[in-house]
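**Q** The sequence shown maps to residues 4 to 119 in this note's numbering.
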Amino acid sequence: MRKLVLLALLTALPAVAQPIDDPTRPPAGIAGDGSAAAAGGLGLTSVLLPKKGRAAAVIDGQLVELGGTVRGAHVVAITEGSVVLAGPEGRERLYLTPDVEKKINVNKAAPRRHKE
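#1: Do residue 77 and residue 66 come within 8 Å of each other at the CB atom, strictly closer than that value?
#2: Short of 8 Å in beta carbon distance, which residues of its chain neighbour residue 45, apart from the five on each side in sequence? Order them along the chain.
#3: CA-CA distance, residue 91 and residue 24?
#4: Tell me, to the nearest whole angstrom, how far the beta carbon of residue 103 is from that of residue 47; I am working on the premise that it is less than 8 Å.
#5: Cα separation between residue 99 and residue 107?
#6: Considering just the uninterrupted stretch of the beta strand (DSSP E) at residue 95, what are its terminal residues?
#7: Taking residue 54 as the reference, which of 109, 79, 83, 13 has the closest Cα?
#8: Who are the near neighbours of residue 51 in its chain, counting only those whose CB is closer than 6 Å to its CB and skipping five residues on each side?
So, in structure tokens, the structure goes:
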């Protein structure tokens, strides 16, 4: 009888258990794709600046060299963190980190004292 009750409890426990949430999963509000490509724009994923050869960038999952085209726009400049495209609607700059704003923190250092 004991074995039967124990067996019934062991088989019922997994059915009652709740799933454990992943603690590293982002909150539901920001869990979306978040990329510019998902919003209909172009998404810059990577920039390749070799010492020899042509600079290239990965835009919307496609490797595009300097001077190449993507979605009807020509790649006119590639820098460390951005790509400039020229298309029928004008120029557009794509950033690797579009949501990050660079702030320069200016610390006024104390004047140096000269030894007398």
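Built from N, CA and C at the ideal position, the CB exists for glycine as well. Since the structure is predicted, the reported quantities are computational estimates derived from the model, not experimental observations.
**A** Let me lay it out:
#1: Numbered from 1 along the sequence shown, position 63 holds the residue referred to as residue 66. Numbered from 1 along the sequence shown, position 74 holds the residue referred to as residue 77. Against a cut-off of 8 Å, the Cβ pair of residue 77 and residue 66 comes out as no contact.
#2: Locating residue 45 in the sequence shown gives position 42, counting from the first residue. Within the same chain, residue 45 has close Cβ partners 39, 62, 63, 73, 74, 76, 88, 95, 97.
#3: Taking the first residue of the sequence shown as position 1, residue 91 is located at position 88. Taking the first residue of the sequence shown as position 1, residue 24 is located at position 21. Straight-line Cα distance between these residues: approximately 47 Å.
#4: Here the question's residue 103 lines up with position 100 in the sequence shown. Here the question's residue 47 lines up with position 44 in the sequence shown. Going by Cβ atoms, the distance from residue 103 to residue 47 rounds to 13 Å, so no, they are not a contact pair.
#5: Stepping through the sequence shown from its first residue, residue 99 is reached at position 96. Stepping through the sequence shown from its first residue, residue 107 is reached at position 104. If I take the Cα positions, the gap works out to 19 Å.
#6: As a first step, residue 95 is located in the sequence shown; it is residue number 92 there, counting from the start. Residue 95 -> beta strand (DSSP E) spans 93 to 98.
#7: Within the sequence shown, residue 54 is the residue found at index 51, counting from 1. The residue among 109, 79, 83, 13 with its C-alpha nearest the C-alpha of residue 54 is 83.
#8: Stepping through the sequence shown from its first residue, residue 51 is reached at position 48. For residue 51, where only same-chain residues beyond five positions count, the Cβ hits under 6 Å are 59.
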